[in-house]
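Numbering (mature numbering (1 follows the signal peptide of the UniProt record, and there is no 0)), first residue to last: -23 to -1, 1 to 742. This report refers to the structure that appears directly beneath it.
What follows is the structure, given as structure tokens:
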């Protein structure tokens, strides 16, 4: 009892002291809330921006503290918004004492630990946003007590376990926005028939591990505008009866689950019919499921507001219905990686706003419709891996916005149209693995706009290598292998200064290999095998600091080969079939003694040549900077909307930054991924996220972290690398409106830097 009296006396003294110190009258309730805020502040272990310095000042009224807002009477705290301040620490349960709080926003920080169950006592709360933190553990069931909640965002954390049922079913009629995306949540979506959620407009549960069917009770949410269940393990029939009752639906994302179509996975018509009344539908994504059946003609009856349809990576068969051309505002159509057959409907040309068309990896046949050239905004056309025949239409010359053209692995014949040289914005041209004959038109070879790669391999092309290839000073890869090209390799190829990959193998090229090839500053791979090239292999190739993969086999080369420089990691396989070669490679005959003096003289000549080059060379850092400036606007770095002629925007800058971030972390250039695997760097990283990232993170730590760091610091670096990967993925989303602002990105990067500079104390420190 005495202890209680003492505690009450102490508390009254504290109130009096606060009155005196502040010089203002503060209500007893506000005094309690101030104490709670200071207690919360004590659990913030890092405040890199000094955002909470005002909380330590006795001369500043609590209602004027950073992030704090009070009611009109200034006697209760109603809002605490500390978003994007890079704070690190734990969320103190004392926040539950702010009983009049309407808004609690701690998003985009580095709060760790669990979400306090005591937050469920904030019964007046309208908005709770804890997204973009490092929060783990389960979502507390007590959050279901927040009946007044309108906005709930717990996305982009490390939350696990099942979604607590009271979060969905608590009798609330006010919830409009719920985002639990990009966590590790499991179990079913806990929505039963008694749950109404009639006001719900946005439900985002993507990138979790949810299972089961889409609950039928979701059909009670008739005001739903955005439903994103992508990248889970949901199953059952497509939720036709549910979406039928959502006339306001604008965005429906069901990709990468285990959904099937109706009637034992044979009939897609009921699902598309259920969306016909959604007059505001803009984007529909059903990619990467197990959907069987034909694309029904009723797809053409979807809203004319629809701009994107993704049906790729399913088991769809039959022909592409011409009725789809009714979707006149569609900008993206992706039907790739299915079993579609028949011809490409020429009616597609009615869809004049199409910017990207993906029909690859199907069994489409017949000729490419010349009418496709009427789609004036077309920036990407991918018809690869089909059974298309006939020639490439001359009319493609009218596609002035065309930037990527993929026609590889078909049965196309005829010649390469000279008119393709009029596609002055073309950045990728891949006509490989066809039956194309004739020579390489100089108009096409001189396309200076090609910034990524030119692939004409595995055709029946003949004639010389056009000198105009030297104009491609931006191209990163050229593959002309497996043709019948003849003549010599022009030294002018040394003008392709951005080149990283050159494959001329499997032709009948003869003469000397020019020394200028070895002087290409970024060349990593060179394959000239299976030709009739002769003479010595240029010393510039051995001296190249960038070349890693080389193949000179089955030619007529001669001379001495060392095992140094670019040749140090090569085996005899790179030199087989050249009877005139000798040297130090294992399995290669030793050079005769009478030529030994040449082995002594050549290094001296090389050293002198290198010395001469060094005297005229520019500073390395300047050269790299120039290259970066040259390539950063190339395909792979620019936002997809730029590729379709959109104006420059800060959202595009964010995309470019995100690609650069992923490149630095993964050690892979976007061009490497696109050329070798046919996907963007974003898609490649996303395919590893979240369960297959550890090897990437480990490699990034080895590259980026200091060479000698203690084990606890190693974990800090791993955490930062993982955060950077997630930031890069969000920055490179296809939809510009879903990317963060550049200011948000800068804040995230700054806070990560601070975190590395001042890591938290760890056990054993």
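Ideal placement from N, C-alpha and C gives every residue a C-beta, glycine not left out. In this text, all values refer to a predicted model and were calculated from it rather than measured experimentally.
In chain order, each beta strand (DSSP E) run of at least 3 residues that lies wholly inside the region 629 to 686: Complete beta strand (DSSP E) runs here, min 3: none at all.
Helix, strand or coil at residue 719 [DSSP, three-state]: Residue state, collapsed to three classes: helix.
Beta-carbon contacts of residue 78 that lie in its chain and below 8 Å, excluding the five residues immediately before and after: Closer than 8 Å at the Cβ level, and outside the excluded window around residue 78, lie 54, 55, 56, 57, 72, 99, 101 and 102.
Opposing strand residues paired with residue 533 [DSSP bridges]: Residue 533 is bridged to 511.
Selected residue, minimal CA-CA separation from residue 497, among 89, 303, 454 and 482: Of 89, 303, 454 and 482, the residue nearest in Cα terms is 454.
DSSP three-state assignment for residue 143, whether helix, strand or coil: When DSSP states are grouped into helix, strand and coil, residue 143 belongs to the helix group.
DSSP-derived helix/strand/coil call for residue 9: In this structure, residue 9 counts as helix in the three-state DSSP scheme.
Top-ranked residue by Cα proximity to residue 162, from 151, 143 and 139: Relative to the Cα of residue 162, the nearest Cα in the group 151, 143 and 139 belongs to 139.
Contact belief for residue 23 with residue 731 at Cβ below 8 Å, rounded distance in angstroms: So it is a contact: roughly 7 Å between Cβ atoms.
Simplified DSSP state of residue 183, which is helix, strand or coil: Here residue 183 sits in coil by DSSP.
Candidates 207, 194 and 205, of which the one nearest residue 222 by Cα: The residue with the shortest Cα to Cα distance from residue 222 is 194.
Pair within 7 Å by beta-carbon distance, residue 214 and residue 237: For residue 214 and residue 237, yes; Cβs fall inside 7 Å.
Nearest candidate by alpha-carbon position, reference residue 287, set 173, 126, 246 and 334: It is 334.
Among 470, 49, 507 and 131, nearest to residue 86 - alpha-carbon criterion: Of 470, 49, 507 and 131, the residue nearest in Cα terms is 131.
Cα-Cα separation between residue 617 and residue 318, rounded to whole angstroms: For residue 617 and residue 318, the distance between alpha carbons rounds to 28 Å.
Cross-strand partners of residue 233 (DSSP beta bridge): According to DSSP, residue 233 bridges with nothing at all.
Per-residue burial, residue 532 [other beta carbons within 10 Å of its own, 16 or more giving buried]: By the neighbour-count rule (16 or more Cβ atoms within 10 Å), residue 532 is buried.
Three-state secondary structure (DSSP) of residue 128: Of the three classes helix, strand and coil, the one that applies to residue 128 here is strand, per DSSP.
Residue from 660, 408 and 448 whose Cα sits closest to the Cα of residue 425: Relative to the Cα of residue 425, the nearest Cα in the group 660, 408 and 448 belongs to 448.
Alpha-carbon to alpha-carbon, residue 254 and residue 709: Distance from the CA atom of residue 709 to the CA atom of residue 254, rounded to whole angstroms, is 32 Å.
Any 3 or more C-beta pairs closer than 8 Å across the region 538 to 555 and the region 481 to 494: Taking 8 Å as the limit for Cβ pairs, the verdict is that the region 481 to 494 does not touch the region 538 to 555.
Neighbourhood of residue 19 by C-beta, 7 Å cutoff - its chain only, sequence neighbours within 5 removed: In the same chain as residue 19, and ignoring 5 residues on each side of it, no C-beta atom comes closer than 7 Å to its own.
C-beta contact flag for residue 445 and residue 423 at 7 Å: Between residue 445 and residue 423, the C-beta gap is smaller than 7 Å, which places the two residues in contact.
CB of residue 395 within 7 Å of CB of residue 418, strictly: Taking 7 Å as the Cβ cut-off, residue 395 and residue 418 qualify as a contacting pair.
With 16 other Cβ atoms within 10 Å as the buried cut-off, status of residue 227: The Cβ neighbour count for residue 227, taken over all protein chains shown within 10 Å, is at least 16; the residue is labelled buried.
Residue 155 in three-state terms, based on DSSP: It is a strand residue.
Per DSSP, cross-strand counterpart(s) of residue 430: 405 and 454, per the DSSP bridge assignment.
Local Cβ density within 10 Å of residue 598, reported as buried at 16 or more and exposed below that: Residue confidence for residue 598 is low, a pLDDT of 28 falling below 50, so the modelled location carries little weight; the figure read from the coordinates is stated next. With fewer than 16 Cβ atoms within 10 Å of its Cβ, residue 598 is classed as exposed.
Test item: CB-CB of residue 341 and residue 321 under 7 Å: Their beta carbons are under 7 Å apart, which means residue 341 touches residue 321 by this criterion.
Validate contact between the region 140 to 150 and the region 159 to 178 using beta carbons, cut 8 Å, 3 pairs: Output reads yes: the region 159 to 178 touches the region 140 to 150.
Span of the beta strand (DSSP E), counted from its first residue to its last, around residue 220: Not the beta strand (DSSP E): residue 220 falls in the alpha helix (DSSP H), residues 217 to 220.
Host alpha helix (DSSP H) of residue 421 (start-end): Its alpha helix (DSSP H) spans residues 419 to 422.
Length-filtered (3 minimum) beta strand (DSSP E) runs lying within the region 68 to 101: Counting only runs of 3 or more residues that sit fully inside the region 68 to 101, the beta strand (DSSP E) segments are 80 to 82 and 87 to 89, in chain order.
Range covered by the beta strand (DSSP E) that runs through residue 743: Nothing can be reported for residue 743, as the shown portion of the chain is limited to -23 through 742.
Cα-Cα separation, residue 450 to residue 529: Rounded to the nearest angstrom, the two C-alpha atoms are 24 Å apart.
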